[in-house]
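Each remark here refers to the structure printed beneath this line.
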Amino acid sequence: MQTAYLILLSSTFYLFIYLFIGTSQVFLFLQYVMNALLRPRDVIIAQSRVRSSGINKMLVGLFGFRAAFRAFILCSSAFHLLYRPLRVSATAPEVRKPGSRPPAVMASISTSNTCFSLDLFRTLSQTKPSGNIFVSPLSISSALAMVYLGARGDTAEQIARALSFSAGGDVHADFQKLNADINSPSASYILKLANRLYGEQSSDFLSGFLDSTQKFYQADLKEVDFIGSAEQSRLEINQWVEQQTEEKIKDLLKPGTVSSMTRLALVNAIYFKGNWKHRFDPSNTKEMPFKVSQNEAVPVQMMYQMKKLPYNYIPDHDLQILELPYVDDELSMLILLPGEPEDGSDALLKLEAELTQERLDDWTNRDNMDVHSEVLVHLPRFKLEDEYELNEALGKLGMSDVFSSKADLSAMNGEGGLFLSTVAHKAFVEVNEEGTEAAAATAGMVAFCMLREEHFTADRPFIFFIRHNKTKAVLFLGRFSQPQ
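Put into structure tokens, the structure is as follows:
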């Protein structure tokens, strides 16, 4: 009797919902109840997206627009390995455990890339709390992934943790797919991601390692004479980087960084050139003050435009976020502009400390942004060039063994004795009315209403990203705080 009563009650309740709400809403309601019982956080996010995505798509169709603005960025990274007659087991087991973050955070290589980007950025900021910073996390992680390919034991585990690689996933196949997506020949931008290995001509490297670097990273091996002609080898590597970055990255490897003990150099270069979806008119550029601190301002050439652009304001953090998309929306520049605290504290450093992958993804999600309001944009013209030796920064992220005699890179040569001596990275970016040039090398619901005007005036330090929108991969990351 009790069972029959419960069935009758449930059926009546379902019929009531069906008649007054509709079949699709019954499904959403039941899904909401089940998820609320199981994972309340996930269902809140899912509901927010269901509720707003249709409206946003309609608004994009109604208020679509495009123009042109050029962009250019370059970076390069180089890692080279030395040889010592170390006693390292060539049969050490491959141990690749996850990083310190929950597995859900490391669901994809692009998520890992974002986590690594922010970790590295914070680490660099500790030694450079007020200056400009510009790096290509993708360039660095791509080159380090090739090191990871040849690492075993604790060395591999530390690299995986530092780069936030997920357990159980095929990192190298993921990088292969990511690089293919980014380097799409049909893209409306020019983006070249190139890798190369420079190996000592008298050294034997395992064919399996060389085949894998070629398969996953399109990195061929170029034999050079590190032992007999280290300086000539250094110049040859620098020349290749210069060619790959349209001569924007020069002298990546400084004199003395390559020696007769060098056995292998892993080099990555990335070059980007694209067009903004919305062009800045050069005639609107005026000199304006840029506040480098509360008590000091310097003049800059400030560009201006008023357009309907994706915009977000995070009141809890007094943070403005602006997205400047490139043509066809495949890439975007995201600018995070903190407010000006009345207590005199450093808002940018506070933001850097609090910024996480989850927050960044949520704040910059198009479904959570206002896409139809006019935004009055003031953005300085700027040019940055930065270079780093990343050994110390990577060590702080937990990668220590690879730089010492403890390194186990036996999957490269079958016998060990190799260790990483220097991680060199250099990056360049220029943003102006004609374009943005950049390169690097590594050795919620919107309703129809009266349109508002949002003011986005970047007259104080800010953080910026260049992101591949399909994969969410962070190609470049920087802080602009000191006009040059």
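Start counting the sequence shown at 577; every next residue gets the next number (this note's numbering).
Here a beta-carbon is modelled for each residue, glycine too, at the ideal position from N, C-alpha and C.
Counting only the same chain and skipping the five closest in sequence on each side, list residues whose C-beta sits under 6 Å from that of A845. S652, A770, V817, Q820, T821, A1017
For F866, which of Y847, E916, V843, D827 has the nearest alpha-carbon? Checking every option, the nearest Cα to that of F866 belongs to E916.
From D618 to T861, what distance separates their C-alpha atoms? Low confidence applies to D618: its pLDDT is 28, below 50, so where it sits in the model is not reliable, and the reading given next is rough at best. Rounded to whole angstroms, D618 to T861 spans 45 Å at the Cα level.
Between L1053 and V834, how many whole angstroms is the CB-CB distance? I'm expecting something under 8 Å. At roughly 28 Å, the Cβ-Cβ gap does not stay under 8 Å, so L1053 and V834 are not in contact.
What number of angstroms, rounded off, separates the C-alpha of N989 from the C-alpha of V1050? The straight-line gap from Cα to Cα measures roughly 32 Å.
What are the start and end residues of the alpha helix (DSSP H) that includes F1058? The sequence shown places Gln at residue 1058, rather than the Phe named in the question. Run containing Q1058: none; DSSP gives neither H nor E here.
What ranges does the alpha helix (DSSP H) occupy inside the region 809 to 838, keeping only unbroken runs of at least 4 residues that lie completely in it? none
Decide if L952 is buried, meaning its Cβ has at least 16 other Cβ atoms within 10 Å, or exposed. exposed
Could you tell me the distance, in whole angstroms, from the CA atom of L840 to the CA atom of E950? Approximately 53 Å, taken between the alpha carbons.
Leaving aside the five residues before and after Q1060 along the sequence, list all residues of the same chain whose C-beta is less than 7 Å from its C-beta, in chain order. Hits under 7 Å: K959.
Could I get the ranges of all uninterrupted beta strand (DSSP E) runs contained in the region 931 to 978, with 3 residues as the minimum, in chain order? 950 to 956, 958 to 965
How do the region 750 to 766 and the region 692 to 705 stand: do at least 3 beta-carbon pairs fall below 8 Å, yes or no? no
Less than 7 Å between the beta carbons of E1030 and Y880, yes or no? no
Three-state secondary structure (DSSP) at E916? In the structure shown, E916 sits in coil (DSSP, three-state: anything other than H, G, I, E or B).
Would you kindly check if the distance between the Cβ of L828 and the Cβ of A1003 is under 7 Å? no
Proximity below 7 Å, CB of L811 to CB of G775: In this structure, G775 does not lie closer than 7 Å to L811 by Cβ.
What separation, rounded to the nearest whole angstrom, lies between the Cα atoms of S740 and N689? The straight-line gap from Cα to Cα measures roughly 7 Å.
For I897, the residue or residues it bridges with in DSSP: Looking at the DSSP assignment, I897 forms a beta bridge with N888, L912.
For the 8 Å Cβ check, are there 3 or more pairs between the region 847 to 858 and the region 773 to 793? no
Nonlocal neighbours in the same chain, by C-beta distance under 7 Å from T1033, ignoring five residues either side: H954
Measure from the alpha carbon of L565 to the alpha carbon of each residue in V978, S986, R1036, A721, then state which is nearest. Here the chain comprises residues numbered 577 to 1060, so residue 565 is not present and cannot be evaluated.
Is the CB-CB distance between M882 and M864 below 7 Å? no
In this structure, does DSSP put Q870 in helix, strand or coil? DSSP, read as helix, strand or coil, puts Q870 in coil.
T932 classed as buried or exposed, judged by whether at least 16 other C-beta atoms fall within 10 angstroms: exposed
Would a C-beta distance cut-off of 7 Å place I709 and L700 closer than the cut-off? Closer than 7 Å, so yes.
Would you list, in sequence order, the uninterrupted beta strand (DSSP E) runs of no fewer than 3 residues that lie entirely inside the region 720 to 786? 766 to 776
Going by DSSP, which residues form a beta bridge with L985? None, per the DSSP bridge assignment.
Alpha carbon of A929 to alpha carbon of L694, nearest angstrom: Going by the C-alpha atoms only, they are around 9 Å apart.
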